[in-house]
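Participant: All residue numbers for the sequence shown refer to the numbering used here, where the first residue is 5 and numbers rise by one.
Attaching a single structure in structure tokens format; questions to follow.
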Amino acid sequence: MSDEIIGLHHWFDSPPGRYLLAWEQERYDEMVADVFGYHALQLGMPGLQGLRANRMPHRWLALGAAEALLWPPPPASGAPSTAHHAEGDAPGEDRAAGAPLRAALLADPVALPFPENSLDLVLLPHALELSVDPHAALREVHRVLMPEGRLVVSGLNPVSLWGLRQRRVRLYQRLGGGGRLYLPDVGEFIGHWRLRDWLRLLNFEIETISFGAYRPAVRSTRWLQRYEWVDAVGARWWPILGAAYMVVAVKRVHGMRLLEPSWRTGQAPQGRAAPVAVVPKMPLPGGIGEPPRRGR
């Protein structure tokens, strides 16, 4: 597994990897900008600043043991840092959005050091592809997410030009023909349809599914730039065939009712019947106004 993680990070340093990373960075900035709360967590991929556009006061970047070997540790105590630790932040600490986060936690997706219902936002950039048990990782994320909390998952799309080339090379290798893999060798990629079914089993509601990176599977920056026009054509004519996908889901809890502000739920005051005083009629002097008397 450590070799797969190292191979994935090295692949993201290649021209197609940087192209894909730029698309994911743009999508993450859009997806998390308007997600509010107090605690947000990104699992893995420190080269991707998935929480830089988010404005939550407590934001963490957690890495696995193999990833921690590839990236520098957080600064020593007393040194300025933009990473927020799990024990809480100092009142005067800089929490501005856009500040790059450094690794503050050493954690595995299947065993997160957070209590139940404690996080408002969790990002999984390619974390399920590298997990030994993606089902267990999703269950763990469901445990730590608060009701109505959001989960954002990104992964490589097996049904794409890049995925088809990867499968073709694997077939050639099994037949003894050799060949060089185009995508990182991280085992079987998880399709968006499978991920959608897994999330629904955990009572997640899918908000959006987006695809991107439609350029052909070429290796050089020069040819990737030449095929820049394919992104607009692919997004219009074959949207689900992008090289990567991003899924945004919301944790739903059955039987839970969110409390609304009192000014929104209060009923409008209704008019009440007011008592009216009845003044008895007084006879006028001199018999004026009296009804005529009938004789016997």
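Just so it is clear, CB atoms sit at the ideal spot from N, CA and C, and this is done for glycine as well.
Just to confirm, is the Cβ distance from Pro162 to Ala141 under 7 Å?
Facilitator: One-based indexing of the sequence shown puts residue 162 at position 158. One-based indexing of the sequence shown puts residue 141 at position 137. Contact: no.
Participant: Between the C-alpha atoms of Asn121 and Arg184, what's the straight-line distance to the nearest angstrom?
Facilitator: Walking along the sequence shown from the start, residue 121 turns up at place 117. Walking along the sequence shown from the start, residue 184 turns up at place 180. Between Asn121 and Arg184, the C-alpha separation is close to 44 Å.
Participant: Reducing DSSP to helix, strand and coil, say where His146 ends up.
Facilitator: Translated into positions along the sequence shown, residue 146 becomes position 142. If DSSP states are grouped into helix, strand and coil, His146 belongs with the helices.
Participant: In the DSSP assignment, the alpha helix (DSSP H) including Tyr176 goes from what residue to what residue?
Facilitator: Translated into the one-based positions of the sequence shown, residue 176 becomes position 172. Segment 165-178, the alpha helix (DSSP H) holding Tyr176.
Participant: How should Ala37 be labelled, buried or exposed, when 16 other C-beta atoms within 10 angstroms of its C-beta is the threshold for buried?
Facilitator: If you number the sequence shown from 1, residue 37 lands on position 33. Classification for Ala37: exposed.
Participant: Give me the residue from His14, Gly68, Tyr249 with the minimum Cα distance to Ser164.
Facilitator: For the purposes of this step, residue 164 is taken as the residue at position 160 of the sequence shown. Of the candidates His14, Gly68, Tyr249, the one whose C-alpha sits nearest the C-alpha of Ser164 is Tyr249.
Participant: How many whole angstroms separate the CB atoms of Trp166 and Leu199, which I take to be in contact at a CB cut-off of 8 Å?
Facilitator: Against the sequence shown, residue 166 aligns to sequence position 162. Against the sequence shown, residue 199 aligns to sequence position 195. The pair is not a contact, with the Cβ atoms about 18 Å apart (cut-off 8 Å).
Participant: In angstroms with no decimal places, state the Cα-to-Cα distance between Pro20 and Gln177.
Facilitator: Here the question's residue 20 lines up with position 16 in the sequence shown. Here the question's residue 177 lines up with position 173 in the sequence shown. Cα to Cα, the separation comes out at about 22 Å.
Participant: Does the distance from the C-beta atom of Arg257 to that of Pro151 stay below 7 Å?
Facilitator: Your numbering for residue 257 matches position 253 in the sequence shown. Your numbering for residue 151 matches position 147 in the sequence shown. Looking at the sequence shown, residue 257 is not Arg but Val. Their beta carbons are under 7 Å apart, which means Val257 touches Pro151 by this criterion.
Participant: Beta-carbon separation of Val39 and Leu116 under 7 Å?
Facilitator: Your numbering for residue 39 matches position 35 in the sequence shown. Your numbering for residue 116 matches position 112 in the sequence shown. No, the pair does not count as a contact, with Cβ atoms beyond the cut-off.
Participant: Reducing DSSP to helix, strand and coil, say where Gln29 ends up.
Facilitator: Position 25 of the sequence shown holds residue 29. If DSSP states are grouped into helix, strand and coil, Gln29 belongs with the helices.
Participant: Determine whether the beta carbon atoms of Leu55 and Ala44 lie at a separation below 7 Å.
Facilitator: Residue mapping note: residue 55 aligns to position 51 of the sequence shown, counting from 1. Residue mapping note: residue 44 aligns to position 40 of the sequence shown, counting from 1. For Leu55 and Ala44, yes; Cβs fall inside 7 Å.
Participant: Tell me whether the beta-carbon of Leu132 lies closer than 7 Å to the beta-carbon of Ala253.
Facilitator: Counting from one through the sequence shown, the residue named residue 132 turns up at place 128. Counting from one through the sequence shown, the residue named residue 253 turns up at place 249. Contact flag unset, no.
Participant: Would you mind reading off the limits of the beta strand (DSSP E) that contains Ala64?
Facilitator: Indexing the sequence shown from 1 puts residue 64 at position 60. Looking at the sequence provided, one finds Trp at residue 64 rather than Ala. Here the beta strand (DSSP E) through Trp64 covers 62-67.
Participant: Name the two residues that bound the continuous beta strand (DSSP E) containing His130.
Facilitator: Locating residue 130 in the sequence shown gives position 126, counting from the first residue. No beta strand (DSSP E) contains His130, which DSSP labels as neither H nor E.
Participant: Helix, strand or coil for Tyr23? Go by DSSP, reduced to three states.
Facilitator: As a position in the sequence shown, residue 23 is number 19, starting the count at 1. It is helical.
Participant: Considering only the alpha carbon of each residue, which of Glu28, Gly48, Glu34 lies closest to His13?
Facilitator: Position 9 of the sequence shown, counting from 1, holds the residue named residue 13. Looking at the Cα atoms, Gly48 is the closest of the given residues.
Participant: To the nearest angstrom, how far is the alpha carbon of Asp33 from that of Ser214?
Facilitator: For the purposes of this step, residue 33 is taken as the residue at position 29 of the sequence shown. For the purposes of this step, residue 214 is taken as the residue at position 210 of the sequence shown. Their backbone Cα atoms lie some 13 Å apart in a straight line.
Participant: Ignoring anything shorter than 4 residues, give me the alpha helix (DSSP H) runs that lie fully in the region 224-248, in order along the chain.
Facilitator: With a minimum length of 4 residues, the continuous alpha helix (DSSP H) runs that stay inside the region 224-248 are 225-230, 234-241.
Participant: Whose CA, out of Ala239, Asp189, Trp64, Ser158, lies closest to the CA of Arg169?
Facilitator: On the sequence shown, residue 169 is found 165 positions in, with the first residue counted as 1. Ranking the options by Cα distance to Arg169, first place goes to Asp189.
Participant: I'd like to confirm the pairing. Which residues does DSSP put opposite Asp112 in its beta bridges?
Facilitator: Counting from one through the sequence shown, the residue named residue 112 turns up at place 108. Answer is Ala115.
Participant: Can Phe193 and Leu160 be called in contact, C-beta distance under 7 Å?
Facilitator: One-based indexing of the sequence shown puts residue 193 at position 189. One-based indexing of the sequence shown puts residue 160 at position 156. For Phe193 and Leu160, yes; Cβs fall inside 7 Å.
Participant: Hey, how far is the Cα of Ser224 from the Cα of Asn207?
Facilitator: As a position in the sequence shown, residue 224 is number 220, starting the count at 1. As a position in the sequence shown, residue 207 is number 203, starting the count at 1. Cα to Cα, the separation comes out at about 42 Å.
Participant: Please look up how many angstroms separate the CB atoms of Gly246 and Arg31, rounded, as I've assumed it's under 8 Å.
Facilitator: For the purposes of this step, residue 246 is taken as the residue at position 242 of the sequence shown. For the purposes of this step, residue 31 is taken as the residue at position 27 of the sequence shown. Not really, about 11 Å apart at Cβ, beyond 8 Å.
Participant: If you draw a straight line from the alpha carbon of Met60 to that of Tyr42, how long is it in whole angstroms?
Facilitator: One-based indexing of the sequence shown puts residue 60 at position 56. One-based indexing of the sequence shown puts residue 42 at position 38. Each residue's Cα considered, the two are about 5 Å apart.
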